[in-house]
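J.:
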Amino acid sequence: MSLGLAGASTASANGLDPNRLFPADPASRTLAAQIYAGIKDLPIVSPHGHTDPRWFAENEAFPDLAQLFIVPDHYVFRMLFSQGIDLADLGVPRTDGVLSETDSRKIWRLFAENFHLFRATPSRMWLEHSFQQVFGWTKRISAETADEAYDHIADCLTRPEFRPRALFERFNIEVIATTESPLDDLNWHRQIRESGWSGRVITAYRPDAVVDPEFEGFAANVETLGALTGEAATTWQGYLKAHRARRAYFKSFGATSSDHGHATARTENLSQAQAEDLFQKALAGACTGEEADAFRGHMLTEMARMSLEDGLVLQIHPGSFRNHSGGVMQRFGRDKGFDIPTQTDYVRALKPLLDAVGLEKDLSIILFTLDETAYARELAPLAGVYPTLKLGPAWWFHDSPEGMRRFREMTTETAGFYNTVGFNDDTRAFCSIPARHDVARRVDCAYLASLVTSGRLDEDEAFEVAHDLTYRLAKQAYRL
Amino acid sequence: MSLGLAGASTASANGLDPNRLFPADPASRTLAAQIYAGIKDLPIVSPHGHTDPRWFAENEAFPDLAQLFIVPDHYVFRMLFSQGIDLADLGVPRTDGVLSETDSRKIWRLFAENFHLFRATPSRMWLEHSFQQVFGWTKRISAETADEAYDHIADCLTRPEFRPRALFERFNIEVIATTESPLDDLNWHRQIRESGWSGRVITAYRPDAVVDPEFEGFAANVETLGALTGEAATTWQGYLKAHRARRAYFKSFGATSSDHGHATARTENLSQAQAEDLFQKALAGACTGEEADAFRGHMLTEMARMSLEDGLVLQIHPGSFRNHSGGVMQRFGRDKGFDIPTQTDYVRALKPLLDAVGLEKDLSIILFTLDETAYARELAPLAGVYPTLKLGPAWWFHDSPEGMRRFREMTTETAGFYNTVGFNDDTRAFCSIPARHDVARRVDCAYLASLVTSGRLDEDEAFEVAHDLTYRLAKQAYRL
Amino acid sequence: MSLGLAGASTASANGLDPNRLFPADPASRTLAAQIYAGIKDLPIVSPHGHTDPRWFAENEAFPDLAQLFIVPDHYVFRMLFSQGIDLADLGVPRTDGVLSETDSRKIWRLFAENFHLFRATPSRMWLEHSFQQVFGWTKRISAETADEAYDHIADCLTRPEFRPRALFERFNIEVIATTESPLDDLNWHRQIRESGWSGRVITAYRPDAVVDPEFEGFAANVETLGALTGEAATTWQGYLKAHRARRAYFKSFGATSSDHGHATARTENLSQAQAEDLFQKALAGACTGEEADAFRGHMLTEMARMSLEDGLVLQIHPGSFRNHSGGVMQRFGRDKGFDIPTQTDYVRALKPLLDAVGLEKDLSIILFTLDETAYARELAPLAGVYPTLKLGPAWWFHDSPEGMRRFREMTTETAGFYNTVGFNDDTRAFCSIPARHDVARRVDCAYLASLVTSGRLDEDEAFEVAHDLTYRLAKQAYRL
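Protein chains in written order, with the working numbering: chain Z, 1 to 480; chain L, 481 to 960; chain F, 961 to 1440.
Listed below in structure tokens is the structure:
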């Protein structure tokens, strides 16, 4: 049932104005609300994300507020850290043996005392929406309300209707994709399937560990890939066969896409001899930085060729400078909020791939960016002409009301709506999924209403496009 | 007469709201409409474009809807192609001998069935404006209305009031510039002049074929240039003389500007010996890529020096990666929607030219960009201080409501209005010219109204600036 | 007293709408005005600027309108120059011995005749606000009113209440920072202190002349630094000691910050041996461009280390291509409006500095940019995680209503409000200081009101944040 979501449009609370994110002028606002009313209860299609399939396999209760909303969420702890709060005090585990805080109530209080730091951020919207819509907590978070909120939600978490599968159903999720390495055995996915539960949780193929020569343990990973598939994966042909086999295995657990998060959008279309040569160097740990980069770029083209065979949609997520702080990497490890966007070129970078397969109508490549300057200059012009290319939604730091607005304003005029793919929540914060989709739906409805008010779209079209952006395009683009 | 245009402000139809593109809040909207009312009927000044002078020379009927609106318009066919529709099925001629569709009604139907792809694009606004204001067709284009629309407009096209010269007059065009190569004999222009028709159609000097060492047939083109001018064009001095002669010839057919569409904004100010050396290498086909680029850059400075002598306005249109898809280039040739914008530096690139001639008050250089990031960062600061520099309007992919709004918001505060040059339609789609100018006028009026409403401009000034942006600045900047 | 400022909200005149810069829709506008009413009379905190301490030391009358508003203000004369008006005719002194105009009334008339060039620029807002609020002149500037305005303001300038200290007090300035070279003796600051006047005028440490090997007279400057401090400044250790001593001297005159305006954001963390080697090369005038750049980059890290000791806040102002026109540099010298922004990378450039000191909670580094593309892509993500980093306000060409709006829209969602530092006026135009702060306050109130109207911030929070942005954050970030 979708009442949890639907409630947002009638009930008001701290930060949850029923007309939030709609245009300010009354005519556009009224129209936006009407368009939104028509799509707010549509099922959630979540084709790209990072929820843990174990949740749905085991269906155990989530532990507590801190473990649910703070410790695992780099959006949250990075903001607190930026204001001088220790990651260890927020419970973020250290990799050097020093102990971090484990008292969840203490962690929660520290967060609650500093809740003002999140003013006007999407984290604030997601958190308040989750607290209210998922747990029925409607007061503002603060030092004063911290304990009451903690207890309220702790109580919820003990109840069956707050277990993962119950929430999945309450959130009205039609399908959700997780993301796994080719080296993952997908046993949680197997367990979900074998449980007989009707929730549709699928995997996606994320091969960084076995296509990036600079990934920790690359050579060993390739050996494991060989062992998993029975292919001679340390030969070039065996390696490609192993990918094909593993992709087929992932498809058997519902995968409809692969995902590639390189530092740049570089692609290459090397000869097989050149590729083989780089592959052997990579296994030997002898690649220069440039050679590693070329190999990664070539593997995108190989993956695209495999997609032509097996139909997996290819997602390219470039442009993040990973683990920017040496000190944090050393003490806390990867993925601690220190991935910083960089300038990203697409026009020259994608040409080898596009010259190889860019006109293939059966291939679908979805491009994302952390560099908004590419929207109007490069991405919309590319997606607005190449039949293989579609634009992924505003992503990561840009997955926010202003970011989503800029995405539409800078891509629609050149690429239209139909070269975009609906919304991705791209999150591991399960309880925020309805909130994130709700923000996207509201921003799109606001944009559509403004188009109508300014005479750029007819009203009947706005209703149809809203449905497309919310539901149809995601299913179509991801072949769900 | 301008009634065709004027009608837009009183009649409503699909996509043609009389208040379209005006601000949403009632006060700004009313003011925008008032400002617009004062300038909407001003004559069209079109100082940069790609209409075919043959139309006005021969004044024959335009063939049909597909040949008028689809086959020649890369904005239109690129969007359809991006969704998997073959260019050949849209009638785009192949260069490899394979036949493309020639049944115009069939092409039109294919377009009409897919008209929804253009939602919220400027193409949609231009097309609907043309259908309604030029041809009196007011229903929405769709599979259902395709044949009726086709017949309606086919009927129009047989009538004398839809011939090129009649439309030129109906569109209230005061002057229009076409664009020709120095190798063009300008015979269509001669024929227009000799016909005694009063329409002012002028040419512009676009010397890519004879200044770009990488242009197909560069050496032969230079020889032809010599033959046309009687100069020894394969010597450096003769080559420069030939340019001077050809510019004078273009001036005799009304040219007031030259136009330069290099891949970057690079300029050079080489010694004459260095330039001569590169020129001889270029003729011998022996330039490296770097040398060809340097030669193009130097020729901009030579062209600027000639402008100081003959008064032609110099237009620089950089930043397009031409013919991006190898496959499409091979099968369909140049200019098939695969020109993609790239990052463009102006600050370092223009310094050699500006150090040579940038302070000359009699020289006028108009800068365009496909990289909007340069507006506030580079172009407005440069145009806001160098007396030679002016900013061309939002261009190509940015010639759209959002693109024009961003242009004003990102350039006005630093460069003001008076370092801009009014609107260019830059189009070969003749029937869309009133639509394009109307969009620009509306967006400017909306912007001006918002400035007044927010206390940044007095009301009387807004009316004056609207007139300047619509009419006076284009005439002044292009010396028309 | 702040009545001068407060008047703006009740009196209307040319360009001074009491609701200027507020949102257009009535609900947001009313709320913006309410929020503004709560902060408009707060004292001005001006932690970064270029006013002349001599004004406050000597407290003599300002000379005349031209010397006050035109001759020293590159915002003003660059716009006039861009339209073909000679800098010499505007009284800008030449460095080549040729005389410039000295008749201030004549200069003023030339400006007044061309006042329309400033339409919709921030200069226009600042000038009109100053004329009205400081001098009580409310007519629009034009050829017709030029003489009357000149006489009116000339009369004001003779009166004691228009002397620098009286204006300082009328402007309700709580503290203002000037900017001086380490080679400055700070005698004006000494004179202010010894005068017993209560106005708080502090200095800031701007060491370009002694940290940039390419600065005119670098080696001689370092010798002077040694002489001033009694340190052997031509040895590496002595040079560092001399900096420490000079910073302490600046602190004794109130300095709480240093300021660094390199061409790029490059930092280095060299070994002491490498740094010493570069330093000796620099003294010998033997640095390559690359080495000079590396030395500047390393000195930022050294300055950061000193900040850890002495608590000065480190400001980084990169990205300006200085003195772009060779011809203007030759005839008029530096700082004549020809500093042009360039693309600026922060992610790679700052890594050496950040790896060295980026996690130090006692260090405060404020980043500025002339490249707005870095706001959402690089600066907000960096400031939103590194505890040392804060974002300076929209700067220079972007210190304008649209620029400030873009700053908030592109940084808040990732960095929040509390990683920003309030407003800097960064000006030498003393009379424009209330105007500039007023623009910033209004734009921030408009932004906050829009957040409330769109359900992204609660109303009580908006009032609190407005106070923070106007007053508290500047004091806290600059340790004032």
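Quick reminder that beta carbons are idealized off the backbone N, C-alpha and C, glycines included.
In terms of alpha-carbon separation, which member of Z/421, Z/373, Z/425, Z/434 lies closest to residue 465 of chain Z?
T.: If we check each option's Cα against that of residue 465 of chain Z, Z/421 comes out closest.
J.: If the cut is a Cβ gap below 7 angstroms, which residues of chain Z does residue 607 of chain L touch?
T.: The contacting residues do not exist; residue 607 of chain L stays about 13 angstroms from chain Z at best.
J.: Just confirm the distance between the C-beta atoms of residue 924 of chain L and residue 949 of chain L, as a whole number of angstroms; I'd bet it's less than 8 angstroms.
T.: At roughly 5 angstroms, the Cβ-Cβ gap stays under 8 angstroms, so residue 924 of chain L and residue 949 of chain L are in contact.
J.: Residues of chain L with CB closer than 9 angstroms to the CB of residue 454 of chain Z, please, in chain order.
T.: Neighbours of residue 454 of chain Z on chain L, chain order: 497, 499, 500, 501, 502, 503, 504, 881, 926.
J.: Within a Cβ cutoff of 6 angstroms, which residues of the same chain sit near residue 820 of chain L, ignoring the five residues on either side of it in sequence?
T.: The residues are 801, 804.
J.: Would you say residue 315 of chain Z lies against chain F (beta-carbon separation less than 8 angstroms)?
T.: So, not an interface residue.
J.: Taking C-alpha atoms, which residue in F/1033, F/1417, F/1146 lies nearest to residue 1017 of chain F?
T.: It is F/1146.
J.: Taking 8 angstroms as the CB-CB limit, is residue 943 of chain L close to chain F?
T.: Chain F contact via Cβ: absent.
J.: For residue 206 of chain Z versus residue 600 of chain L, is the C-beta spacing smaller than 8 angstroms?
T.: No, the pair does not count as a contact, with Cβ atoms beyond the cut-off.
J.: Give the DSSP-derived three-state secondary structure of residue 737 of chain L in the structure shown.
T.: Strand at residue 737 of chain L.
J.: Along the chain, where does the alpha helix (DSSP H) containing residue 1350 of chain F start, and where does it finish?
T.: Premise fails: residue 1350 of chain F lies in the beta strand (DSSP E), 1349-1351, not in any alpha helix (DSSP H).
J.: I need the boundaries of the beta strand (DSSP E) containing residue 1443 of chain F, first residue and last residue.
T.: Since the first residue of chain F shown is 961 and the last is 1440, residue 1443 of chain F is not available in this structure.
J.: Are the Cβ atoms of residue 1027 of chain F and residue 1074 of chain F separated by less than 8 angstroms?
T.: Against a cut-off of 8 angstroms, the Cβ pair of residue 1074 of chain F and residue 1027 of chain F comes out as no contact.
J.: Do we get a CB-CB distance below 8 angstroms when we pair residue 1286 of chain F with the residues of chain L?
T.: It does: the Cβ of residue 1286 of chain F has a partner Cβ on chain L nearer than 8 angstroms.
J.: Pair every Cβ in the stretch 735-752 of chain L with every Cβ in the stretch 783-802 of chain L, then say whether three or more of these pairs are closer than 8 angstroms.
T.: The answer is yes - the stretch 783-802 of chain L touches the stretch 735-752 of chain L, with three or more Cβ pairs under 8 angstroms.
J.: Starting from the Cα of residue 349 of chain Z, find the closest Cα among L/823, L/829, L/827, L/765 and give me that residue.
T.: Minimum Cα distance to residue 349 of chain Z is reached at L/823.
J.: If the cut is a Cβ gap below 9 angstroms, which residues of chain F does residue 83 of chain Z touch?
T.: Ordered by position in chain F, the residues that pass the 9 angstroms Cβ test against residue 83 of chain Z are 1347, 1376, 1378, 1379.
J.: Quick one: which chain L residues come within Cβ less than 9 angstroms of residue 370 of chain Z?
T.: Near residue 370 of chain Z there are no residues of chain L at all, since even the closest Cβ is about 15 angstroms away, more than 9 angstroms.
J.: Count the C-beta pairs between the stretch 226-233 of chain Z and the stretch 287-294 of chain Z that are closer than 8 angstroms, then say yes if the count reaches three, no if not.
T.: Not touching, per the Cβ criterion.
J.: Pop quiz: residue 1323 of chain F and residue 1229 of chain F are said to be a contact at Cβ under 8 angstroms. What is the actual Cβ separation, rounded to whole angstroms?
T.: Not really, about 14 angstroms apart at Cβ, beyond 8 angstroms.
J.: State whether the stretch 809-820 of chain L contacts the stretch 863-874 of chain L, with contact taken as three or more CB pairs (one from each stretch) at a distance under 8 angstroms.
T.: The stretch 809-820 of chain L, when compared against the stretch 863-874 of chain L, does not touch it at the 8 angstroms Cβ threshold.
J.: Compare the beta carbon distance of residue 883 of chain L and residue 874 of chain L with 8 angstroms and say whether it is the shorter of the two.
T.: Contact flag set, yes.
J.: Taking contact to mean 3 or more Cβ pairs, one atom from each stretch, closer than 8 angstroms, check whether the stretch 633-652 of chain L and the stretch 495-508 of chain L are in contact.
T.: The stretch 633-652 of chain L vs the stretch 495-508 of chain L: no contact.
J.: For residue 685 of chain L, which of helix, strand or coil comes out of DSSP?
T.: In the structure shown, residue 685 of chain L sits in a strand (DSSP, three-state: E or B).
J.: So, at 6 angstroms on beta carbons, what are the nonlocal neighbours of residue 189 of chain Z in its own chain, with the 5 sequence-adjacent residues on each side left out?
T.: Closer than 6 angstroms at the Cβ level, and outside the excluded window around residue 189 of chain Z, lie 53, 203, 253.
J.: Could you give the first and the last residue of the continuous alpha helix (DSSP H) run that contains residue 649 of chain L?
T.: 644-650 is the extent of the alpha helix (DSSP H) around residue 649 of chain L.
J.: What would DSSP say about residue 526 of chain L, mapped onto helix, strand or coil?
T.: In the structure shown, residue 526 of chain L sits in a strand (DSSP, three-state: E or B).
J.: Alpha carbon to alpha carbon, how far is residue 1440 of chain F from residue 368 of chain Z?
T.: Their Cα atoms are separated by approximately 43 angstroms.
J.: When you compare the stretch 282-290 of chain Z with the stretch 209-219 of chain Z, are there three or more beta-carbon pairs, one atom per stretch, that lie closer than 8 angstroms?
T.: Short answer: they touch.
J.: Between F/1063, F/1048, F/1064, which has its C-alpha nearest residue 1057 of chain F's C-alpha?
T.: Closest option to residue 1057 of chain F, Cα to Cα, is F/1048.
J.: Got a sec: is the Cβ-Cβ distance from residue 397 of chain Z to anything in chain F below 8 angstroms?
T.: By this cut-off, residue 397 of chain Z is an interface position.
J.: My parser needs the alpha helix (DSSP H) runs of 4 or more residues fully inside the stretch 377-449 of chain Z; what are they?
T.: List check, alpha helix (DSSP H) in window: 380-383, 401-415.
J.: What does residue 451 of chain Z reach in chain L if we use C-beta pairs closer than 9 angstroms?
T.: Ordered by position in chain L, the residues that pass the 9 angstroms Cβ test against residue 451 of chain Z are 599, 600.
J.: For residue 703 of chain L, which residues of its own chain have a beta-carbon under 8 angstroms away from its beta-carbon, when the five flanking residues on both sides are left out?
T.: Hits under 8 angstroms: 713, 714.
J.: Within 10 Å of its beta-carbon, does residue 831 of chain L have 16 or more other beta-carbons around it, so buried, or fewer, so exposed?
T.: Residue 831 of chain L is buried by the Cβ-count criterion.
J.: What separation, rounded to the nearest whole angstrom, lies between the Cα atoms of residue 755 of chain L and residue 785 of chain L?
T.: Between residue 755 of chain L and residue 785 of chain L, the C-alpha separation is close to 14 angstroms.
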